[in-house]
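Enquirer: Start counting the sequence shown at 39; every next residue gets the next number (full-length UniProt numbering).
Supplied in structure tokens, the structure appears directly below.
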Amino acid sequence: GEKTHRHFIRQAIDADLASGRFDGVRTRFPPEPNGYLHIGHAKSICLNFGLAQELGGTCNLRFDDTNPTKEDTEYVDSIQEDVRWLGFQWDNLHFASDYFDQLYQWAEKLVMEGHAYVCDLTAEQTREYRGTLTEPGRDSPGRSNTPEENLDLLRRMKAGEFPDGAKTLRAKIDMANPNINLRDPVMYRISHVPHHRTGDKWCIYPMYDWAHGQSDSIEKITFSICTLEFEHHRPLYDWYCEKLEIHHPRQIEFARLNITYTVMSKRKLLQLVQEKHVSGWDDPRMPTIVGLRRRGYTPESIRAFCADIGVAKFNSTIDVVRLENAVREHLNEVAPRRMAVLDPVKLTITNWADHGSPVEMMSAINNPGDESAGSREIPFSGSLWIERDDFKEEAPRKFFRLKKGGAVRLRAGYIVDCHDVVKDDDGNITEILCTYDPETKSGEDTSGRKVKGTIHWVSCDHASEVTVRNYDRLFSVENPDNVPEGKTFLDHINPDSLSTTKAYVEPALCEAKVGDRVQFERLGYYVVDPDSKDGEMVFNRIVGLRDTWAK
Ligand code: ATP
Ligand code: MG
Ligand code: MG
């Protein structure tokens, strides 16, 4: 449904458009290509692209690639794929590294105007000189260089005359400012590391704050939406734009998305991959977009989730159940129903010989909520698989599945009456013996009989055997980041987050292709995994039919 309440970012935009501060909405999504995107990024993507769509503006995809040591083209490619998969298309594709020349020219301008200087302090000294919340900082000796000295030193930094860390370029702002970000922040650092796009051209690289706002400005962004931790960087964002006298976007901060039973930082996700706690970035238990996709999440459900949680000014943690509900709701509408038996026991119809033919094709509707999904044929025979826990030899009165001496309807089939069981030497049930009632065929029932339960089944001779990967949450506690001394988030990995079983499925499922999503009736939603091979299909459990997570 359409939200009538406008969130605070939308209100700020409306106000700036009304006052004439900006003539339109131009946003951007600015990932650093140092990992795969996760569900937190999806929130930012939905927000930035969504606002542009809603308000007739534009949204750029910009790679914030200013830190060559951790960046890689693998990530550049995956990020583009993920944004498209989520259903968005950028107006322009940019790389912050394309602005390195412009940024450098601007740095020389600030140097010449006395707003920046070259500093000889080491990283450790710089930190120490910066002071604390209660103590003002101390001046670096470089602060008293002349503009000419600074320009010479900056050019020699750029030319590669100095080793890594020997010097920095710093903005000359205010060493006593209560906001520590304004105590002469570093603009450039020396790093003799090749860049994934500019190669060996540069050995000085811009710091985030020096690159980000100026990149926004070059692209004529109007609303630079970022997460809350940048709130205290906003005065610096504004300072650079003012001193350079360039187009000045408005930075607006919102709360990061955190989700229960999940870690969200790229560093931790990378660790899970590198230390092989998961099979890769696209492991179906990962909160990455590629992981969610492989798990069977739909782009629609992720967008619905992001719309549902909204945007806030304060950090909070969202219950993962809301994400699971989003995909459950969408798949309930669109996923075709199929029958699959995960923990099989044989059901034999002892009077099937009277039926006349060994197989009867049954018609089953594909989606009770969607007539246009049509129906399919399923072979029914005298030898079926049903779920082991759909039968009890002796059952309480309220057990509405099958029991000895009881009756149940087989979905899209007949009512069967159980008269006996066969057991092995250990007393385990190996076969359930029933009779079928010919008057009770689904859709053509003339018997007038009523039974309370309906169970699913597949015909033994017609079923295919497949592998099912039942996924559960990767962490066993709500907040895996909350750990006692000496422990890490890895100590909270759920050892039972994956269990693999064989299953028997109805023949129609053999036609399913990688990525197809279905509802296994009465069990949950499943997707065909890319590991599937001809005749060896693999299904991933996306989510159960209900929220059954035991707390
Ligand atoms: P991480 O800490 O996971 O590495 P990041 O913020 O460093 O994330 P970026 O690639 O810089 O990752 O993020 C690109 C954009 O996505 C930024 O605008 C950032 O604010 C936003 N973003 C990242 N994580 C989240 C989150 N959990 N919730 C909302 N937005 C996020
Ligand atoms: Mg970042
Ligand atoms: Mg990061």
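The beta-carbon is built from N, C-alpha and C at its ideal position, and this holds for glycine as well.
With 16 other CB atoms within 10 Å as the buried threshold, where does D254 fall?
Expert: It is buried - the Cβ of D254 has at least 16 other Cβ atoms within 10 Å.
Enquirer: Hey, could you find the ends of the beta strand (DSSP E) E415 is sitting in?
Expert: Start and end: 413-419.
Enquirer: Hey, how far is the Cα of V372 from the Cα of L220?
Expert: Whole-angstrom Cα-Cα distance: 53 Å.
Enquirer: Can you give me the C-alpha to C-alpha distance between V397 and G562, rounded to a whole angstrom?
Expert: 28 Å
Enquirer: Could you pull out every unbroken alpha helix (DSSP H) segment of at least 4 residues lying fully inside the region 95-131, listed in chain order?
Expert: 111-123
Enquirer: Could you tell me which of S570, L159, V63 sits nearest to Q91, measuring between CA atoms?
Expert: V63
Enquirer: According to DSSP, simplified to helix, strand and coil, what is residue 657?
Expert: As displayed, the chain neither begins before 39 nor continues past 589, which places residue 657 out of reach and without an answer.
Enquirer: Is there contact here, the region 283-303 with the region 514-521, by at least three beta-carbon pairs under 8 Å?
Expert: With the rule of 3 Cβ pairs closer than 8 Å, the region 283-303 counts as touching the region 514-521.
Enquirer: Using 10 angstroms around the beta-carbon of Q312, count the other beta-carbons present and answer buried if the total reaches 16, otherwise exposed.
Expert: exposed
Enquirer: Taking buried to mean at least 16 other C-beta atoms within 10 Å of its own C-beta, is K571 buried or exposed?
Expert: exposed
Enquirer: If you count every other CB in all the chains shown that lies within 10 Å of the CB of R145, and 16 or more means buried, which is it?
Expert: Checking the sequence shown, residue 145 turns out to be Ala, not Arg. With 16 or more Cβ atoms within 10 Å of its Cβ, A145 is classed as buried.
Enquirer: Report the rounded CA-to-CA distance for R511 versus S537, giving the unit in angstroms.
Expert: 12 Å
Enquirer: Do E544 and M377 count as a contact pair if the criterion is CB distance below 7 Å?
Expert: yes
Enquirer: Evaluate contact between the region 134-151 and the region 89-107, counting only Cβ atoms and requiring at least three cross-stretch pairs below 8 Å.
Expert: With three or more CB-CB distances shorter than 8 Å, the region 134-151 counts as touching the region 89-107.
Enquirer: Would you call the region 323-335 and the region 380-396 touching, i.e. three or more CB-CB distances under 8 Å?
Expert: With a cut-off of 8 Å on Cβ pairs, the region 323-335 is not in contact with the region 380-396, counting fewer than three such pairs.
Enquirer: Since A145 is in the alpha helix (DSSP H), which residue starts that stretch and which ends it?
Expert: 138-150
Enquirer: Just curious, the alpha helix (DSSP H) that L330 is in, first and last residue?
Expert: 327-333
Enquirer: With hydrogens ignored, establish whether the beta-carbon of H79 is closer than 6 Å to any heavy atom of ligand 1.
Expert: yes
Enquirer: I need the boundaries of the beta strand (DSSP E) containing F67, first residue and last residue.
Expert: Looking at the DSSP string, the run of the beta strand (DSSP E) that includes F67 is 64-67.
Enquirer: Taking 6 Å as the cut-off, is the CB of P69 close to at least one heavy atom of ligand 1?
Expert: yes
Enquirer: How about S419: is its Cβ closer than 6 Å to a heavy atom in ligand 1?
Expert: S419 Cβ: outside cutoff for every heavy atom of ligand 1.
Enquirer: For F138, tell me which candidate among I211, P216, T236, H45 has the shortest Cα-Cα distance.
Expert: T236
Enquirer: If Y542 sits next to P382, beta carbons under 8 Å apart, how far is it from one beta carbon to the other, in whole angstroms?
Expert: 6 Å
Enquirer: On the criterion of 16 or more Cβ atoms from any shown chain inside 10 Å, does N183 qualify as buried, or is it exposed?
Expert: buried
Enquirer: How close, in whole Å, do the beta carbons of R288 and S262 come, if the pair is a contact with beta carbons under 8 Å?
Expert: 7 Å
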